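Q: Just so we're aligned: 47 in the UniProt record's numbering is position 47 of the sequence shown, and the numbers increase by one with no gaps anywhere.
Note that beta-carbon positions come from the ideal geometry of N, C-alpha and C, so glycine has one too.
All figures in this text were calculated on a predicted structure; none of them were measured in a lab.
Pasting a structure below so you can have a look.
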Amino acid sequence: MINLEVLKIALAGLLHDIGKFSERAEREIPANYIASNQSLYQPEYKGRYTHQHSLHTAYFLDENYKYFPEELTRHSSDAVSLINLASKHHKPDSPEQLIISEADHLSSGIERKEFEETDTYTRSAREIPLMTILEDISITNKWKENKPENFNFVYPVQMLSPNSIFPIKKDEYGIPKYKELYEKFITLFRNLPHKSCPKLWFEHLDSLLLLCCSSIPSATVGITEKGFKEIVSDISLYDHGRLTAAFATALYIYHSQTNSMDKNSIKDRESEKFIIIEGNLYGIQDFIFSEGGSTVKNAAKLLRGRSFYVSLLSELAADYILEQIGLPITSIVTNAAGKFKIIAPNTEETTNAIKMAKEKINQWLIEKFYGEVSIGIVYIKASYNDFIQQNGVSELLKKIGKASEIQKFDKINILKNGGSVTNYLNDFSSEFGVCPVCNRRAARGRNKIKEDNLCDICYDHVKIGKELVHENRIAITTKDANLKEKLRVPVFDKYQLAFVTGELSELAKEGKVIHFWDINKLWQSDKYSEEKIYSFKLINGYVPRFIEEMDTDEIIEKLTYGEKKEDKIQILETLREDTILSFHHIAKFALEKSDDGYVGVDALGVFKADIDNLGTIFLKGLRPEKRTFSRYTTLSRHLNLFFTLHIPYLCRTKFKQIYTIFAGGDDLFLLGPWTDMISFAKRLSEDFNRYTCENSEITLSAGIYITKPDTPVLTMAEQSEKALEYAKASGKNRITIFNVPVRWNDLEYIENIRNQLNRWLEEQLITRSLIYKLNEILEMVRQERIIRQQQISDPRKLNALTWRSKLYYHVIRNVGKGKTKEDRINIATEILENLVKWLEMPEEAFRIPLWQTIYMKRRA
Ligand SMILES: [Zn+2]
1 MINLEVLKIA LAGLLHDIGK FSERAEREIP ANYIASNQSL YQPEYKGRYT
51 HQHSLHTAYF LDENYKYFPE ELTRHSSDAV SLINLASKHH KPDSPEQLII
101 SEADHLSSGI ERKEFEETDT YTRSAREIPL MTILEDISIT NKWKENKPEN
151 FNFVYPVQML SPNSIFPIKK DEYGIPKYKE LYEKFITLFR NLPHKSCPKL
201 WFEHLDSLLL LCCSSIPSAT VGITEKGFKE IVSDISLYDH GRLTAAFATA
251 LYIYHSQTNS MDKNSIKDRE SEKFIIIEGN LYGIQDFIFS EGGSTVKNAA
301 KLLRGRSFYV SLLSELAADY ILEQIGLPIT SIVTNAAGKF KIIAPNTEET
351 TNAIKMAKEK INQWLIEKFY GEVSIGIVYI KASYNDFIQQ NGVSELLKKI
401 GKASEIQKFD KINILKNGGS VTNYLNDFSS EFGVCPVCNR RAARGRNKIK
451 EDNLCDICYD HVKIGKELVH ENRIAITTKD ANLKEKLRVP VFDKYQLAFV
501 TGELSELAKE GKVIHFWDIN KLWQSDKYSE EKIYSFKLIN GYVPRFIEEM
551 DTDEIIEKLT YGEKKEDKIQ ILETLREDTI LSFHHIAKFA LEKSDDGYVG
601 VDALGVFKAD IDNLGTIFLK GLRPEKRTFS RYTTLSRHLN LFFTLHIPYL
651 CRTKFKQIYT IFAGGDDLFL LGPWTDMISF AKRLSEDFNR YTCENSEITL
701 SAGIYITKPD TPVLTMAEQS EKALEYAKAS GKNRITIFNV PVRWNDLEYI
751 ENIRNQLNRW LEEQLITRSL IYKLNEILEM VRQERIIRQQ QISDPRKLNA
801 LTWRSKLYYH VIRNVGKGKT KEDRINIATE ILENLVKWLE MPEEAFRIPL
851 WQTIYMKRRA
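Take a look at the structure:
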């Protein structure tokens with residue numbers, strides 16, 4: 001359990017620089033307030049008060065004291081009052097205040113000399129934009145000189161939204177709207193829910209700060225031998241505050257538990273006071289895609305439930321550890337796609353807590369999932385100086401990465417620690433046997449869904465999958481909380497989950513609400529228009545639904561095309577009732593209506609992508625002097641947001657039939673109508689390019705596997721992974737479509753070819769049969785290439801060398817039917833010229849537009 005003193009320290013860390021926000025928003029401080037408080041919070045330099053923002057922080061707190069939970073503003077002495085903890089970070093005079101100050105320095109990651117904030121630099125802090133570290137990443141050591149004028153992209157001062165996470169060109173920055181943003185912030189701050197439950201309130205505040213302060217630069221000036229100068233400001237106020245909170249809490253607990261709450265001990269930067277914990281959830285893919293006999297018909301719903309459930313396992317595993325150590329959520333410094341890092345105090349209590357959490361969690365996972373899913377938890381120790389010294393952070397990351405690697409290959413040991421499954425068989429009843437969904441656990445009478453009886457866990461997954469569509473908020477409660485609907489199996493035998501519409505105020509007051517999350521709102525719209533902010537978790541993807549606007553004759557005709565008459569009514573009923581589109585329905589969207597019925601192939605495109613060279617980017621992407629921990633966490637947050645915020649938003653607004661199976665960390669797994677998937681891929685690469693400031697050193701690779709909707713999901717996963725690996729093996733920065741790896745840049749050219757082929761077909765300049773012939777000729781081109789490369793001639797294949805004459809023959813026969821002889825010659829010449837060029841494209845890239853055309857024009 002977290003105690004209130006710890007929470008207060010975290011809060012002070014989180015808000016210590018909030019004055020920079022109000023200062024830039026030109027919040028006026030009354031003269032008498034300045035007069036009586038200046039000497040308290042602001043240090044002096046050559047007879048002048050500096051660090052104006054500390055006073056603003058104090059004023060913000062004073063002005064808003066009554067909006068804080070009472071428990072956090074109470075204090076036994078001035079040394080530990082919230083206002084002094086937060087505002088005296090440049091002038092600390094108690095050990096606790098010194099802790100915030102140390103954490104502030106540590107979070108900045110530099111041996112920061114105290115400098116005067118005067119007007120000797122040219123621009124005011126208000127005008128200096130937040131730049132992006134994404135622009136400054138190079139894995140080939142080609143960094144530009146580190147001057148503000150060398151960088152072109154900045155973030156607009158705005159609330160976090162699917163649009164505002166994209167950097168803009170510097171000249172589009174204009175006058176930042178600090179005032180407007182600050183007003184929104186204050187309104188939302190005063191309205192933060194769950195004030196009677198400080199821990200929940202604190203989590204909502206953390207999200208509010210992410211929303212309002214992630215586009216605001218923290219430090220804007222630095223000091224050189226020559227004086228003050230503007231710096232490349234690439235850490236947001238949010239990231240800086242949050243990391244300060246994490247370091248401060250760890251230090252506070254460390255000095256409390258080691259009885260060393262004194263200034264000298266706090267200033268000791270040699271001792272290993274910190275522990276960095278890394279958690280990894282293993283077996284995510286196997287778990288999501290594992291299947292039994294009857295999953296195909298429920299595949300979409302079950303996938304949704306399961307992929308959400310793994311996100312939940314990872315969130316709650318991190319929470320379990322926090323809870324055991326007594327840390328707030330701000331101590332989780334990175335968290336993406338089943339992997340998280342926590343900053344904790346290096347004490348015996350902590351290491352015991354970690355050991356306990358690891359055992360409990362894995363024991364539960366073994367009991368419920370028979371080892372299919374497990375969690376690796378490792379940690380390393382670190383001192384203040386380890387974080388600060390040149391390359392220190394890279395070394396720490398390498399060290400913990402190595403520890404995780406060992407743990408991963410030592411999975412058996414994780415399982416051993418957890419215990420064994422003793423009464424497996426006792427669980428089963430002769431009446432219901434084994435669960436038809438997982439084929440593993442015992443089915444139960446109480447878990448009937450349609451004609452099947454499921455096991456408790458699968459029943460939970462299907463339920464979650466269904467509820468997720470309707471509700472935006474979930475509460476994580478203690479397992480004894482009085483809820484209307486409960487999970488059959490509380491997670492880790494500790495957490496219950498409820499989909500809620502209200503705030504569960506009563507339960508929260510009883511201390512039974514552990515988290516209260518908004519899981520949909522943020523990516524559902526480009527503006528956060530709510531009057532209240534709930535802590536949000538981007539752990540929910542987008543799922544195509546049968547929504548009202550689809551209930552038209554045209555779409556229904558498409559969705560039921562090719563089905564037997566008697567099935568159509570049933571399909572419609574299920575659609576309207578279930579609302580989640582099944583894979584069969586999604587595939588149907590690939591069909592196109594033509595004059596005589598539908599054309600095309602109702603197939604799915606399964607899409608898998610991830611960022612190239614990710615490990616190198618994290619370890620060596622930034623220039624050595626910039627490799628600070630806060631840049632590491634900032635980078636992780638940025639990359640994660642692209643996948644967890646932008647992708648679901650893009651699907652929801654532009655690609656409504658694309659299902660996000662998972663999107664987070666650095667990778668992406670989607671499924672949609674195969675035709676949409678190819679256009680999506682092009683859009684994704686453009687957006688990613690824009691997101692990373694057109695930095696050619698941060699690239700993606702992807703693969704699309706096209707298949708029929710009744711293919712087992714496991715096959716889909718494996719085949720799309722293969723396509724992705726092929727793109728990587730062919731040089732990265734590529735996408736594999738129809739087994740052809742092409743550069744992203746080539747997609748446009750390929751699209752042009754397809755359009756050209758379509759035009760010729762539509763204008764009846766070429767025939768369908770020529771298109772099929774071209775496919776045979778393309779195969780000959782491939783054979784020819786092999787023959788030439790290997791310089792061995794299998795006589796039976798030498799025929800391939802004749803593809804040109806074959807092409808000539810078929811084009812002349814099939815082109816420009818019904819036209820005059822002269823026209824035919826002209827048309828044939830143009831078409832031949834183009835076809836030869838296309839057929840000779842590297843890697844048989846012509847296969848992509850050709851096969852697209854063949855599949856799209858086929859009668860359905
Ligand atoms: Zn089951």
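1) Taking 6 Å as the cut-off, does the CB of Arg446 come closer than this to any heavy atom belonging to ligand 1?
2) Going straight from the alpha carbon of Thr560 to that of Gly241, what length do you get?
3) What is the DSSP secondary structure of Glu499, counted as helix, strand or coil?
4) If you draw a straight line from the C-alpha of Gly401 to the C-alpha of Asn439, how long is it?
5) How is the alpha helix (DSSP H) around Asn640 delimited, first residue to last?
6) DSSP three-state call for Val742: helix, strand or coil?
7) Is Arg441 near ligand 1, in the sense that its beta carbon is under 6 Å from a heavy atom of that ligand?
8) DSSP on Gly518, reduced to helix/strand/coil?
9) By how many angstroms is the C-alpha of Ile735 removed from the C-alpha of Leu770?
10) Among Pro162, Ser138 and Leu7, which one has its Cα closest to the Cα of Thr653?
11) I want to check one thing, is the minimum distance from the CB of Val713 to the heavy atoms of ligand 1 below 6 Å?
12) One question on the structure: do Ile361 and Ala317 come within less than 7 Å of each other, judged by their Cβ atoms?
13) Who are the near neighbours of Ile325 in its chain, counting only those whose CB is closer than 7 Å to its CB and skipping five residues on each side?
14) With distances taken Cα to Cα, identify the nearest neighbour of Thr634 among Asp136, Ile83 and Ala845.
15) CB of Cys455 to nearest heavy atom of ligand 2: below 6 Å?
16) Give me whichever residues DSSP pairs with Val378 in a beta bridge.
17) Between Val437 and ligand 1, is the CB less than 6 Å from at least one heavy atom?
18) Would the C-beta of Cys458 count as close to ligand 1, meaning under 6 Å from any of its heavy atoms?
19) Evaluate Gln496 with the Cβ neighbour count: other Cβ atoms within 10 Å of its Cβ, from every protein chain shown; 16 or more gives buried, anything less gives exposed.
20) If you run the structure through DSSP and keep just helix, strand and coil, what is Ser260?
21) Going residue by residue through the segment 705-755, where are the continuous beta strand (DSSP E) segments of at least 3 residues, counting only ones entirely within it?
22) Looking only at C-alpha atoms, which of Arg446, Pro198 and Glu5 sits nearest to Ile253?
23) In whole angstroms, give me the CA-to-CA distance for Glu114 and Ser720.
24) Tell me which residue opens and which closes the beta strand (DSSP E) that Ala475 is part of.
25) Quick one: what's got a C-beta closer than 6 Å to Met261's C-beta in the same chain, skipping five residues either side?
26) Ordered along the chain, which non-local residues of its own chain (more than five positions away) have a Cβ less than 6 Å from that of Ala337?
27) My guess is that Ile377 and Ile277 are in contact by the Cβ rule of under 8 Å, so how many angstroms apart are they, rounded?
28) Against chain D, with Cβ distances strictly below 7 Å, would Met356 count as a contact?
29) Would you call the segment 9-17 and the segment 82-95 in contact, with 3 or more CB pairs under 8 Å?
30) Is it true that the segment 547-564 meets the segment 502-509, where meeting means three or more beta-carbon pairs spaced less than 8 Å apart?
31) So what does DSSP say about Leu671, is it helix, strand or coil?
32) With three or more beta-carbon pairs closer than 8 Å as the criterion, would you say the segment 576-588 touches the segment 658-678?
33) With a cut-off of 8 Å on the beta carbons, I'd call Lys341 and Glu272 a contact; round off their distance for me.
34) How would you call Tyr809, buried or exposed, if buried means at least 16 neighbouring beta carbons within 10 angstroms?
35) Would you mind listing the beta strand (DSSP E) stretches within the segment 520-601 that are 3+ residues and don't spill past its ends, in chain order?
36) Just tell me which of Gln790, Asp823, Glu725 and Tyr598 has its CA closest to the CA of residue 862.
A: Based on what the coordinates show:
1) no
2) 54 Å
3) Per the sequence shown, the amino acid found at residue 499 is Phe instead of Glu. In this structure, Phe499 counts as strand in the three-state DSSP scheme.
4) 35 Å
5) Phe629 to Leu641
6) Taken through DSSP and simplified to helix, strand or coil, Val742 comes out as strand.
7) The answer is yes for Arg441.
8) It is worth fixing the name first, because residue 518 is Asp in this sequence and not Gly. Looking at Asp518 - three-state DSSP - the assignment turns out to be strand.
9) Looking at the two C-alpha atoms, the distance is approximately 27 Å.
10) Pro162
11) no
12) Closer than 7 Å, so yes.
13) The beta carbon of Ile325 sits closer than 7 Å to the beta carbons of Ala344, Thr350 and Ala353 from its chain, once the five residues preceding and following it are set aside; these are given in chain order.
14) Of the candidates Asp136, Ile83 and Ala845, the one whose C-alpha sits nearest the C-alpha of Thr634 is Asp136.
15) Ligands in the displayed structure: ligand 1; ligand 2 is not one of them.
16) Paired residues: Glu278.
17) yes
18) yes
19) buried
20) coil
21) 734-737 and 740-743
22) Glu5
23) Caution is warranted here: a pLDDT of 43 is assigned to Glu114, below 50, making its placement in the model unreliable, and the coordinate value is therefore given only provisionally. If you take the alpha carbons of Glu114 and Ser720, they lie about 54 Å apart.
24) Arg473 to Thr478
25) Pro95 and His255
26) Gly664 and Gly665
27) At roughly 6 Å, the Cβ-Cβ gap stays under 8 Å, so Ile377 and Ile277 are in contact.
28) Absent from the structure is chain D; it holds one protein chain and no more.
29) yes
30) no
31) In the three-state scheme derived from DSSP, where H, G and I count as helix and E and B as strand, Leu671 is classed as strand.
32) yes
33) In fact, because the Cβ distance is near 17 Å, the residues do not count as touching under 8 Å.
34) exposed
35) DSSP runs (the beta strand (DSSP E)) wholly in the segment 520-601: 592-594 and 597-599.
36) Outside the displayed range of the chain (1 to 860) lies residue 862, so it cannot be described from this structure.
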